[in-house]
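Position one of the sequence shown corresponds to residue 837 (my numbering), numbered consecutively onward. See below for the structure under consideration.
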Amino acid sequence: MEAEITALNQKLDALMEQVAYLSEQARLAERERQARDELIETAMPIAKEALRLGSEQLEEIQEYIQPEELLRLFKKLLRHARQIETLLDQLDALYDLIETLTPVSKDVLMRLTEALQTLEDKGYFAFARGGVRIVDNIVTSFSEEDVNRLGDNIVLILNTVKDMTQPEILTFVRNTLLLAEEEVGKPVDISLFSLLRQLQDPAVRRGLALTLRVLHVIGHQAESKSNPVSAQD
């Protein structure tokens, strides 16, 4: 008798557990149903509005596009969904990169602006504009034949410039110009007696001799150019 009571209690306990489980499942199902009802109640106005707007937009373009074209486009979008997703991921990465580089680019732009302003204050741009004007004057002043002759004689010109820029030559020219600038304002006695007296100065005689030597060389070169045959003899 006692064993039968124990078995009956066990069955009652199992039955109560099943009833509790079924009650919990019913409660969960009711909660899910309420959530679906709330979602449908919330989504229906939105869906109706979306359908209305879609219908209005389709009415505006229905003469330009056919339903089969929309279907074909939709199928193509579905076929390339993975590529579209990859493209969107790349756009997100690009946007993140732009956000990262924006502060750096602002700093670089600010530094570049400051550097350009410094160059402008120092006159680099004004010098460049003047250089462009000089080049323009050169281009408009010389013909193609002049440029060709310049190219043929460029080595001789550079050698002449190199010789003229020797420190000794530049010092001599500078000292001569400074001395001439000082003496040009002084009174000059051009009488024969004054000239003869100046010839007694060794420096004057040396300068005169050097001048005559230079004149001799210039005259000899001019004679050689005018009489090439006799020069060869």
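For glycine and all other residues, C-beta sits at the position ideal for the given N, C-alpha and C.
Start and end residues, alpha helix (DSSP H) containing residue i
i: Thr878; result: 838-897
i: Thr996; result: 990-1000
DSSP three-state assignment for residue i, whether helix, strand or coil
i: Tyr960; result: helix
i: Ser1027; result: coil
i: Val1040; result: helix
i: Ile901; result: coil
i: Lys1022; result: coil
i: Leu1035; result: coil
i: His916; result: coil
i: Arg977; result: The sequence given here has Ser at residue 977, not Arg. In the structure shown, Ser977 sits in a helix (DSSP, three-state: H, G or I).
i: Gly967; result: helix
i: Ala1058; result: helix
CB contact flag (residue i, residue j, <8 Å)
i: Arg1041; j: Leu1035; result: yes
i: Ile920; j: Leu913; result: yes
i: Asp999; j: Ile993; result: no
(request) Ignoring anything shorter than 4 residues or poking outside the stretch 919-953, list the alpha helix (DSSP H) runs there in chain order. (result) none
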